[in-house]
Amino acid sequence: MKGLVLMVSTIFLVAGTQIILNLQPEAEITVEALSHFELNELGWTTAPSTGLKVVGVGELVYLSGTDTEGEDVTSYAWSITPAPASSATLDSAGTMWNTFRPDVQGDYTINLTVTTASGSSDASIVITAATYAGVEAGQCGTCHFNTKNTWEQTGHADMFTLAIDGLKSSHYNENCIECHTVGYNTDVTAVNGGFDDVQAALGWVFPADTAGNVVPGANWADMVANYPDLAAKANIQCEACHGPASQHSPFNPDGNARLGVSLDEGVCGRCHEEEPYHRRNIQWKESAHNLGGSFARGV
Numbered sequence: 023m024k025g026l027v028l029m030v031s032t033i034f035l036v037a038g039t040q041i042i043l044n045l046q047p048e049a050e051i052t053v054e055a056l057s058h059f060e061l062n063e064l065g066w067t068t069a070p071s072t073g074l075k076v077v078g079v080g081e082l083v084y085l086s087g088t089d090t091e092g093e094d095v096t097s098y099a100w101s102i103t104p105a106p107a108s109s110a111t112l113d114s115a116g117t118m119w120n121t122f123r124p125d126v127q128g129d130y131t132i133n134l135t136v137t138t139a140s141g142s143s144d145a146s147i148v149i150t151a152a153t154y155a156g157v158e159a160g161q162c163g164t165c166h167f168n169t170k171n172t173w174e175q176t177g178h179a180d181m182f183t184l185a186i187d188g189l190k191s192s193h194y195n196e197n198c199i200e201c202h203t204v205g206y207n208t209d210v211t212a213v214n215g216g217f218d219d220v221q222a223a224l225g226w227v228f229p230a231d232t233a234g235n236v237v238p239g240a241n242w243a244d245m246v247a248n249y250p251d252l253a254a255k256a257n258i259q260c261e262a263c264h265g266p267a268s269q270h271s272p273f274n275p276d277g278n279a280r281l282g283v284s285l286d287e288g289v290c291g292r293c294h295e296e297e298p299y300h301r302r303n304i305q306w307k308e309s310a311h312n313l314g315g316s317f318a319r320g321v
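First residue of the sequence shown? That's 23 in my numbering, and the numbers climb one at a time after it.
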């Protein structure tokens, strides 16, 4: 019968009192954050993810479905309502994990029905695909003046600036800039205004010696003078932790600001979880802080 919710009654006896609990599944969709380390452990060669619901056009989005009540799921039924003019599809229809690549800017509604022995439950989330703007072109400081000023005092704001001049490490090389720039993703589908896209368009070449390490010098000044559009996507900016901002506005009619906000450790793990040098998240996961209710969760 349409609309019928199947329920299972479980009876407990507590101090002689009969308590009847009506159990039913509760579907949940998670956008999974996956670091280089975690992908390697899984044997996957795909690009990492922050787990945010705002992603770059063409980037691979990892999804998982669960029943939050903890029952074994007997079937998963996924579907997608893509953005207008999009031809994006889900890579699977009936598995716990799923992936897709948004191909145009806009909102993608992901739907899931999970079925357990107790019945079925539906869930849906909205993924926004956007392009990268950069902190100045995106005018982040117009609304977030104090936050931008605070960021400018952090090591995120000048990491690339110093490293490209050889002031951070003698073994700094082109592999390092993925985590020190905006929207770096070399997947052929991920053409979304990230640093790598601008680099390819302008023809900038990493100033390396024969071993591939940076040649110390005034490399940053040269980039600012000769490749200003590329310099605008350098350093660890707002969009590294909040996702691409081209769709962001506090005035969107539906009230969705279309920018990611999360305290989940997976956002940090996108850059801080890769051996042998970046072990912060790995160490945290092995610590007592990763137990019980003591760990950071998304908001």
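From the three backbone atoms N, C-alpha and C, an ideal C-beta is built for every residue, glycine too.
Uninterrupted alpha helix (DSSP H) stretches at least 4 residues long and entirely within the region 36-109 occur at 58-64, given in chain order. Going by beta carbons, THR121 and LEU82 fall inside the 8 Å limit.
Under DSSP, ALA230 shares a beta bridge with VAL236. Within 10 angstroms of the beta-carbon of TRP66 lie fewer than 16 other beta-carbons, which makes it exposed. The bridge partners DSSP lists for SER114 come to none. When only Cα atoms are considered, ASN278 and HIS270 end up about 8 Å apart. Around the C-beta of ASN214, 16 or more other C-beta atoms lie within 10 Å, and the residue is accordingly described as buried. The C-beta distance from GLU196 to PHE217 rounds to 11 Å, too long to meet the 8 Å contact threshold. Fewer than three pairs of CB atoms, one per stretch, sit closer than 8 Å, so the region 159-171 makes no contact with the region 122-135.
Per the DSSP secondary-structure output, THR137 pairs in a beta bridge with SER97, SER142. By the neighbour-count criterion, in which 16 or more other beta carbons inside 10 Å mark a residue as buried, GLN175 falls on the exposed side. Here THR172 is not bridged, per DSSP, to any residue. Only residues of its own chain outside the window of five on either side were considered, and among them ASP218 have a CB closer than 7 Å to the CB of THR208, listed in chain order. A Cβ-Cβ separation of about 6 Å places THR68 in contact with LEU61 under the 8 Å criterion. Burial check for THR203: the Cβ neighbour count within 10 Å reaches 16 or more, so the residue is buried. Going by C-alpha positions, LEU281 is about 23 Å away from SER109. Per DSSP, the beta-bridge partners of ILE147 are ILE132.
Per the C-alpha coordinates, the member of GLU50, ALA49, LEU64 positioned closest to LEU56 is LEU64. Residue pairing by DSSP places ALA152 opposite GLY78 in a beta bridge.
Of all C-beta pairs linking the region 46-55 to the region 137-147, three or more are shorter than 8 Å, placing the two stretches in contact. Taking the Cβ atoms as the reference, GLY239 lies roughly 7 Å from GLY188, within the contact range of under 8 Å. Taking the C-beta atoms as reference points, GLU54 is found no nearer than 8 Å to THR90. Along the length of the region 268-301, whole alpha helix (DSSP H) runs at least 4 residues long occupy 287-294, reported in chain order.
Annotation for THR121: the continuous beta strand (DSSP E) segment containing it runs 119-122.
Secondary structure note for CYS260: its alpha helix (DSSP H) is the uninterrupted segment 260-264. Out of HIS193, ASP125, ALA115, the CA that lies nearest to the CA of ASN133 is found in ALA115. Rounded to whole angstroms, the gap between the alpha carbons of PRO104 and ILE147 is 12 Å.
DSSP lists ALA256 as the bridge partner or partners of THR203. Sixteen is the threshold: since fewer than 16 other Cβ atoms of the shown chains lie within 10 Å of the Cβ of GLU158, the residue is exposed.
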